Amino acid sequence: MSIESFLQTLVYGVFVGGIYGIAAMGLALVFGVLKMLNIAHGELVMLGGYASFWAFSTLGMDPFASLVIVIPALFIVGLALDRTVYRHIVRLLGEEKIKNSLLVSFGLTLVLQNLAQWLFTADERAIQVAYAGEGLNLMGVTMPYTRLGSLLIALLVTLGLNYFLHHTYPGKAILATAEDFEAAELAGINIHRVYMMTFALGAALASIAGTFVTVTYGLSPSIGIIWTLKALIVIVLAGTGSILGAFPAGILLGIVEAVSGAFIGATYREVIGLVIFLLVLILRPQGLFVGKN
Amino acid sequence: MQEITLTQRTKNSFHRWLVPAWIIILILLAVFIPQQVDKQNVWNLFFLICLHISLAQSWNILAGFAGQNSLGHAAFFGIGAWVTRTLWFHGTPFVLAFISGGLAAVVFAMLIGAPTFRLRGAYFAIGTLGVAEVLRITASQNFPLISTMSGSMIATYNLSARYYLALGLAMATTGAAYILLRSPWSLGILAVREDEEAAQATGVHVLRHKLLALSLSSFFAGLAGGVFAFQQISYYPSAPFSPLWTFDSLLITFIGGLGTLAGPLIGAIFFVVVREQLAVNLVEFHQVIFGILFILIVLVFPGGLVEAWERISKSFKRK
């Protein structure tokens, strides 16, 4: 493999990894704060993708600009799901909570996927923006604007989330609840409000990933479970409980997948993520971006 | 006083015979109804019920008894189907291919179980979900063509033989679950489900018990896949890896009653009959209904039909 094509593979890995990172961050946030695993997270990515697709095809909005609509839309979907389904699980404790969240969200995956199929049909959709084929060319490495834009926004969102969680009052309330919900409640934090907002925030982050997916790949009602899986692998890589670590871990997964996919063939690329997942669990179960404590 | 114990005793001996009698009646019905009616759709319906009993019971052994939620049961089912069909199509005698399918599923299950069972919480569920999805995607990318039986196989195709294999497997899976519950291992397995730390503290080898439940579970799920591969004339190699197989096992077990022997049986009959009706009338919408039903059962009535029956019969006894 020439240096150029290797660099190209690497750069594409980073681009894909940015989407993984942003998809995983929402899941990690929900997992870290509500202590439940939302298998239906990928379905929220899918719904976000459809929101941006419809904003593009009916209103003619640029997919990146459509985030202004897509994010609030999925935030509301998140609120609704929390009110109808997840608030019943948040009340449970420990293992029971995790188990029930897995089961219920697995069922919800089926519901949302089939609802989407019913509403939007199983057709493959994609967004073709005017600048789709164009991009920067650096030392023989092409960087399409759509992918650069996705990565840049992903980075900005990560930094924004970092600021929000560590430097604003509601953000600190979220972190406090993640740390110790009883102490947080004693300190006067309305933890049920925090849970609701966090879940909706997770859905909003999923919608950003969904928009990037629609611009980069294409969209169909069945993509959800794949994105759940990627997000789960990234979370294990980052270390469960690390919210912002999801971004570098996502990029790492993107690079490893791209490079190894180039060597062993793209059709076996999915296997690599799984092997990494198992290796991390065997060798470093606390995750790569979490210190031992 | 004397009289009460006497009636109690007769009642007990009556009850002791009630369950085996029911089982014998059920088996006789399962053997003879399709034979007597002898219609394609009846054979098919009974086949589907038996296939789902095996698959759901195998999930129940792992999740209901040992408390380990596998979200990728389709992986074991799919591996069983793939190995069985590939070996069988390449000239291996079917019985050998069938058993190899089950064993291959066990090997894969161990690969996932050994690293994830050491950790607490959801890792096993994530791992199994991951394996199932990765296998599905990899199968669809590498074997995109539909897999069809050869002409000579179709010429000698006999649906009733398929059905009796499925029936045998359903009985074997339920029997294995029964034996497991009666074996000295059962206390350890149930203890792991109830409280892992307490089990560990009282000297139960947690990992070993989890792996035992997993190997039994994946073996029978793999065999169920083998039955599927034996019955279907043509299908896409990625089809048995579909998450729907996992979901069906979950839903059936929860409808019937998680952690009970009869649960998967009752659940499978209910599920398959209702699905055949719904799939005709509400083609696109029936999965949504099943999904909502599942969520409601888990949240509101986790005991399923078995618990409902127990409650009803208890309230009658009180009167």
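As you go down the protein sequences, you meet chains W and P in turn.
Numbered by the working numbering, the letters in the first sequence go through residues 781 to 1073 in order.
Numbered by the working numbering, the letters in the second sequence go through residues 5 to 323 in order.
We treat Cβ as the ideally placed atom computed from N, Cα and C, and that holds for glycine.
Small disclaimer: the values here were computed from a predicted structure and weren't measured.
Counting the other CB atoms within 10 Å of its CB gives Asp960(W) a total below 16, which places it among the exposed residues. Within the stretch 290 to 309 of chain P, the residues whose Cβ lies closer than 8 Å to any Cβ of chain W are, in chain order, Gln291, Val292, Phe294, Gly295, Ile296, Phe298, Ile299, Val302, Leu303.
Contact residues of the stretch 130 to 147 of chain P toward chain W are Ile130, Gly131, Leu133, Gly134, Val135, Glu137, Val138, Ile141, Thr142, Gln145, Asn146 (C-beta to C-beta distance below 8 Å).
For Thr922(W), no alpha helix (DSSP H) segment is defined; the enclosing uninterrupted segment is the beta strand (DSSP E) at 921 to 924.
Going by DSSP, Asn285(P) is part of the alpha helix (DSSP H) stretching over 267 to 285. Interface with chain W (8 Å Cβ-Cβ cutoff): Glu288(P) is included. Chain W has a Cβ within less than 8 Å of the Cβ of Leu254(P).
Within the model, the alpha-carbon separation for Val884(W) versus Ala808(W) is close to 18 Å. Ala70(P) is the residue among Phe36(P), Pro24(P), Ala70(P), Lys43(P) whose C-alpha sits nearest the C-alpha of Ala195(P). Counting only residues of its own chain and dropping the five nearest sequence neighbours on each side, Gly951(W) has a CB closer than 7 Å to the CB of Phe944, Leu945. The contact set of Pro241(P) on chain W, defined by CB atoms closer than 8 Å, is empty, because the minimum CB distance reaches about 13 Å. In the DSSP assignment, Asn917(W) falls within the unbroken beta strand (DSSP E) covering 915 to 918.
The beta carbons of Ile57(P) and Thr178(P) sit closer together than 8 Å.
Thr926(W) has a beta carbon lying at 8 Å or more from every beta carbon in chain P. Taking the Cα of Arg279(P) as reference, the smallest distance to any Cα among Gln39(P), Gln44(P), Ile53(P) is reached at Ile53(P). Between Met826(W) and Gly1004(W), the beta carbon gap of about 4 Å places them in contact (Cβ cut-off 8 Å). Per DSSP, reduced to three states, the secondary structure at Thr994(W) is helical. An exposed status is given to Gln281(P), since fewer than 16 other beta-carbon atoms sit within 10 Å of its beta-carbon.
The beta carbon of Ile851(W) lies closer than 7 Å to those of Ala984, Ser987, Ile988 in the same chain, with the five residues before and after it left out. Under the 8 Å criterion on CB atoms, Leu966(W) is classed as non-interfacial with respect to chain P.
Along the stretch 882 to 910 of chain W, going in chain order, the ones with a CB nearer than 7 Å to a CB of chain P are Leu882, Leu883, Val884, Phe886, Gly887, Leu888, Leu890, Val891, Asn894, Leu895, Gln897, Trp898. A direct Cα-Cα distance of roughly 8 Å separates Phe900(W) from Pro1001(W). Going by DSSP, Tyr830(W) is part of the alpha helix (DSSP H) stretching over 821 to 839. Between Ala272(P) and Ile65(P), the C-beta spacing is not below 8 Å. At least 8 Å separates the CB of Asn285(P) from every CB of chain W. In this structure, DSSP gives Ser190(P) a helical state, which the three-state scheme calls helix. From the beta-carbon of Phe251(P), the residues of chain W found nearer than 9 Å are Phe886, Gly887, Thr889, Leu890.
Relative to the Cα of Arg905(W), the nearest Cα in the group Phe1043(W), Ala963(W), Ser832(W), Ile969(W) belongs to Ser832(W).
Close CB contacts of Gln897(W) within its chain, under the 7 Å cut and outside five residues either way in sequence, are with Pro1001 (chain order). Excluding five sequence positions before and after Tyr800(W), the CB atoms of its chain that fall closer than 6 Å to its own CB belong to Lys1010, Val1014, Gly1030, Leu1033, Gly1034, given in chain order. Residues of the stretch 92 to 120 of chain P whose Cβ lies closer than 9 Å to any Cβ of chain W, in chain order: Leu115, Ile116, Ala118, Pro119, Thr120. If the five residues before and after Ile237(P) are omitted, its C-beta is found closer than 8 Å to the C-beta atoms of Thr152, Met153, Ile158, Tyr161, all from its own chain and listed in chain order. Within the model, the alpha-carbon separation for Val99(P) versus Gly229(P) is close to 13 Å. Take the alpha-carbon of Ala225(P) and the one of Ile869(W): they are about 29 Å apart.
Asn48(P): member of the alpha helix (DSSP H) spanning 44 to 64, first to last residue. Minimum Cα-Cα distance from Tyr830(W) among the listed residues Ala820(W), Met816(W), His972(W), Ser846(W) corresponds to Ser846(W).
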